[in-house]
Amino acid sequence: MTDESQTAASCQLEAYVKANGPEIVIRGRAYTFERIRIEQGLGGFADALTKRAKYLAMQTTGKVINRPGAEPWLIMRTSGGGACLAQFAIHEGKLIELASA
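Set out below in structure tokens:
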């Protein structure tokens, strides 16, 4: 990640994980985040692991109401139609759980 724009795109989730550890609990389910990265032209991605499975976390282009600059993410299955399991955002170093569609 040498390009400055790539670093900025993932810095909130990376900073949160560095400050609070890799485990994030969303709606009572613990996910361990690994390999936070930017895929050029596609956006931010991370591996979200549970005790039984590995999921894909993807940064979205959505906005979080009343939280300018928040970094929204969703966790989804990579099989079975790619169902969305959880949505969250990182804003000013805090985790915000978002309603799932």
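Using the UniProt record's numbering, the letters of the sequence shown correspond one by one to residues 1 to 101. For each residue, glycine too, the CB sits at the ideal point set by N, CA and C.
From residue i to residue j, what does the alpha carbon distance come to, in whole angstroms?
{"i": "G28", "j": "P72", "result": "19 Å"}
{"i": "G62", "j": "R35", "result": "22 Å"}
{"i": "T7", "j": "G43", "result": "With a pLDDT of 44 at T7, under the threshold of 50, the predicted position of this residue should be treated as unreliable, and no value is reported."}
{"i": "Q12", "j": "A53", "result": "24 Å"}
{"i": "D47", "j": "Q59", "result": "12 Å"}
{"i": "S79", "j": "L49", "result": "15 Å"}
{"i": "G93", "j": "E39", "result": "23 Å"}
Provide the residue span of the beta strand (DSSP E) that contains residue i, from first to last.
{"i": "L49", "result": "G43 to L49"}
{"i": "V25", "result": "E23 to I26"}
{"i": "E14", "result": "E14 -> not in any beta strand (DSSP E); alpha helix (DSSP H) instead, spanning E4 to N20."}
{"i": "E39", "result": "R29 to E39"}
{"i": "P72", "result": "E71 to M76"}
Residue i and residue j look like a contact to me (Cβ under 8 Å); what is the Cβ gap, rounded to whole Å?
{"i": "V64", "j": "A70", "result": "4 Å"}
{"i": "Y55", "j": "R37", "result": "About 15 Å; that fails the 8 Å criterion."}
Can residue i and residue j be called in contact, C-beta distance under 8 Å?
{"i": "R67", "j": "A99", "result": "no"}
By Cβ distance below 6 Å, which residues in the same chain neighbour residue i in space, the five residues on each side in sequence not counted?
{"i": "Q87", "result": "L74, L98 and S100"}
{"i": "A30", "result": "E23"}
Give every residue of the same chain whose Cβ lies closer than 8 Å to the Cβ of residue i, excluding the five residues on either side of it in the sequence, and list them in chain order.
{"i": "A83", "result": "M76 and R77"}
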